[in-house]
Structure formats: C-alpha cells, structure tokens
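Just so we're aligned, residue 733 is where the sequence shown starts under the numbering used here, counting upward by one. Even glycine gets a Cβ: it sits at the ideal position worked out from N, Cα and C. Report on the following structure.
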Amino acid sequence: MAFLVACGAGTTDIDGSSTVFPITEAMVEDWGDSIGGSARLVIGISGTGGGFKKFCSGDTDINDASRPIKASEVEGCAENGVEFIELPVAIDGLTVGVNLANDFVQCLTLEELHTMWAPESEGEIKRWNQVRSSWPDERLQLYGPGVDSGTFDYFTETVNGEAQSSRGDFTSSERDNVLVVGIAGDRGSLGYFGYSYFVENQDILKMVAIDSGNGCVFPTDETINNGTYAPLSRPLFIYVSKESWAEQDVKNFVSYYVSYERAGLLRDLGFVPFPEQVHDLVLDRFQRGLVGTIFGGERPQEGTVEEILFANQ
733 MAFLVACGAG TTDIDGSSTV FPITEAMVED WGDSIGGSAR LVIGISGTGG GFKKFCSGDT
793 DINDASRPIK ASEVEGCAEN GVEFIELPVA IDGLTVGVNL ANDFVQCLTL EELHTMWAPE
853 SEGEIKRWNQ VRSSWPDERL QLYGPGVDSG TFDYFTETVN GEAQSSRGDF TSSERDNVLV
913 VGIAGDRGSL GYFGYSYFVE NQDILKMVAI DSGNGCVFPT DETINNGTYA PLSRPLFIYV
973 SKESWAEQDV KNFVSYYVSY ERAGLLRDLG FVPFPEQVHD LVLDRFQRGL VGTIFGGERP
1033 QEGTVEEILF ANQ
C-alpha cells in the first residue's frame, strides 16, 4: 500500500507485522492529513520475521514488529551493516477468540491452550471434549498467524515454552483479518490475534478469558496495561534504520508517530498507549539516535517497558 505524505522527494519503505500495520497505516494517513505533500511512504505486510529479513538486508527503512528482534536477526543486520533504533510504540494483548455460536467456552487455562497447540497434539487433539471433558464432542478447528509472524513467536513461546514450537495442522495466515473471517464462519473454531482485531470485530467474534493461575481475566485496556492480563500482554515495536534516521523527513514522521499526542489514535485503533512518560522516553531515544536492542537479542533486559527505557537513557 502507498500513501501520499509530505516527506520530501524520496520514498520511505515500511514492512513487517500485520499486528502493527494498522498503527503505521493510521499514522501515515494522519500525518499526511495534517501536513500534506507529494512523496510516498510504502507500507507492506510480510510478518515480523519476513519484515526483519528485508530490513536487515537494507531493503526497507522501518520494520513493524510484534516482538523484539531476535539474536539471529541482530546478527543478520550486523552482517549487512544495518544499524537500527528500537522503539516501543504501544502495548497489545494477544486475544483468544471463538465463533459466536460457541456457548460453552468462557475461559481457558494456559494448560488447556497448551493441550490445543502443543506439537504433540498434531493429529491427536481434534475434538473439544479432548481439551476439557465437560465440553461437547465437537470438531475443534484452530486458526493462527503464520510462522513469520511475531504474534506466532510470542504465543508459542508463552504457551508451549519455545518460540515456533507448535502443531502444524492449523489454518494460518500472516493477515489477521483472514483469521477473523475464518473463525467467524466456522462454528468449531478457535484462534488468536492482536487485541485490536478483536475490538474491530467484536460483533462477529466471542472473546475468551485466560486463566494463568490467578483467575479468568479478559484482555481490556486496563488489564493489558497493568499486567493483570498475563502472560499474553506484550509491547509492539517499530525498528528504524540508522541510515534512514539521518534523513530529516524520516525523523519528522517517526517523531510524530511515537509522540504521546498520538495516544488517542492508538486507543481508537484498539491498542493500549503507554503512559506519557514512556512516550517521552521513546521519543528521546529516537531523537538521540540510540542504536541497538535493549528488549531483544541474546540478552533481553528484564522489567517493564518504562523500567528498561529509564535504565538505558
């Protein structure tokens, strides 16, 4: 997709996560409406992993990412001389959804999610009553993001203990709207995607609460931000090439993107903005051009987004 915006004469190429795509799309349109202009920002969707392949090859200026950069991707960027600036932009809660006709699933434990999605469940767990005996003997059909998706990485690591560890016999797509349509049209379905996609489609899907040991919790703005919707809450990122950062047009756009003044737009999209202080720390990090990862790589730092940013000013 391409949008006409005021950013000089060049083209800024953006790719990556389908979860972060709605944020970037809205920021591009909002910035263009407020400033006007004639140059292009070109936005694609190839999943977080697919996006990093392009980004670390120097083919794109910005990568949308629904997870932090992996150590192997850091190495790939370094091999190609691509330095990057890592910017958290919002918080998301992975949302589990079922078909509206499903009247028996209200809440799932992490163990039950593991039963559904574990590699050893492939070809074995096919019926709802295999997950919980009190549930009906009805077909279970799973939907999930493709293997290049950061959402897939995060979910599989959280639920199955290792990123990319999953049964393979599920309907997959890098586009979350495809998953939404599939679940909405399949009575026996269950799938997962970013919180914003449920907010946009809550009239055709049913949300499932998650019990991680402290009772059933639904994802909401409040539970995602305060950490009670655990462990399926996660920050979302954009990664900006340091070479592109040197261009004033890119600086202007990304500064606009990460500003706390865009918090209302994030809420409208179904995402949870950070507190103002966190947005200020992100903006400062970008304007100073601090390169490298503090959230990913071989030794990701522990703590909240605010704590990590504050410790790395």
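Buried versus exposed call for residue i [16 or more other C-beta atoms within 10 Å across all chains shown]
i, result
"ARG1017", "buried"
"THR1025", "buried"
"ASP901", "exposed"
"ARG899", "buried"
"ILE775", "buried"
"THR756", "buried"
"ARG1031", "exposed"
"ASN684", "The shown model of the chain, from 733 to 1045, leaves out residue 684, and the question about it has no answer."
"ARG994", "buried"
"ASN933", "buried"
"ARG1020", "exposed"
"ASP885", "buried"
"SER778", "buried"
"SER865", "exposed"
"ASN892", "buried"
"SER766", "exposed"
"ASN1044", "exposed"
"PRO800", "buried"
"ASN946", "exposed"
"ASN812", "exposed"
"ASN958", "exposed"
"SER770", "Low per-residue confidence applies at SER770: pLDDT is 48, beneath 50, and the placement is therefore not dependable, though the value from the model is reported in the following sentence. The residue in question, SER770, is exposed, as its Cβ has fewer than 16 Cβ neighbours within 10 Å."
"SER1000", "The sequence given here places Asp at residue 1000; Ser does not occur at that position. That one is exposed."
"ASP880", "buried"
"PRO1085", "Nothing about residue 1085 can be read from this structure; the chain reaches only from 733 to 1045."
"ALA734", "Bear in mind that the predicted position of ALA734 carries a pLDDT of just 41, short of 50, making it unreliable; the figure below should be weighed with that in mind. Exposed, because fewer than 16 other Cβ atoms sit within 10 Å of the Cβ of ALA734."
"GLU1034", "exposed"
"LEU1013", "buried"
"PRO1007", "exposed"
"PHE1027", "buried"
"PHE753", "buried"
C-beta atoms of residue i and residue j nearer than 8 angstroms
i, j, result
"MET848", "VAL863", "yes"
"GLN855", "PRO951", "The question names Gln, yet the displayed sequence has Gly at residue 855. Not in contact: GLY855 and PRO951 (Cβ atoms no closer than 8 angstroms)."
"THR780", "GLY882", "yes"
"ILE823", "ILE970", "no"
"THR751", "SER798", "yes"
"CYS948", "CYS788", "no"
"ALA803", "GLY1029", "yes"
"LEU1015", "ALA758", "no"
"PRO851", "SER897", "yes"
"VAL972", "VAL986", "yes"
"LYS974", "VAL1023", "yes"
"THR888", "LEU964", "no"
"GLU807", "PHE784", "no"
"ILE936", "ALA916", "yes"
"ALA962", "SER976", "no"
"LYS983", "ASN834", "no"
"GLY782", "VAL814", "no"
First and last residue of the uninterrupted alpha helix (DSSP H) at residue i
i, result
"GLU854", "From DSSP, GLU854 is part of no alpha helix (DSSP H); its letter is neither H nor E."
"ASP880", "Where ASP880 is concerned, there is no enclosing alpha helix (DSSP H), given that its DSSP letter is neither H nor E."
"PHE969", "Segment 965 to 973 is the beta strand (DSSP E) holding PHE969; no alpha helix (DSSP H) there."
"ASN984", "980 to 990"
"VAL1014", "1008 to 1020"
"ASP1000", "995 to 1000"
"PHE787", "779 to 787"
"PHE1003", "No alpha helix (DSSP H) holds PHE1003; DSSP gives it neither H nor E."
"VAL1037", "1037 to 1043"
Residue span of the beta strand (DSSP E) that contains residue i, given as start and end
i, result
"VAL752", "Here VAL752 belongs to no beta strand (DSSP E), and DSSP marks it neither H nor E."
"ILE794", "794 to 797"
Within-8 angstroms CB hit, residue i to chain C
i, result
"TRP860", "Considering every chain present, this structure includes no chain C. It has just one protein chain."
* **Inter-stretch contact at 8 angstroms, needing at least 3 Cβ pairs: the segment 899 to 918 / the segment 812 to 826** => no
* Is there contact between the segment 921 to 940 and the segment 829 to 839, where contact requires at least three CB pairs shorter than 8 angstroms? -> yes
* Evaluate contact between the segment 984 to 991 and the segment 1033 to 1042, counting only Cβ atoms and requiring at least three cross-stretch pairs below 8 angstroms. => no
* Give a yes or no on contact between the segment 784 to 798 and the segment 741 to 750, applying the rule of three or more CB pairs nearer than 8 angstroms. => yes
* At a cut of 8 angstroms, does the segment 858 to 874 reach the segment 915 to 922 through at least three beta carbon pairs? -> yes
* To do: Give, in chain order, every unbroken run of the beta strand (DSSP E) that is at least 3 residues long and sits entirely within the segment 885 to 957.
  => 903 to 905, 921 to 925, 937 to 943
* To do: Let me know the beta strand (DSSP E) ranges lying completely inside the segment 800 to 875, each 3 residues or longer, listed in chain order.
  => 816 to 825, 827 to 831, 839 to 841
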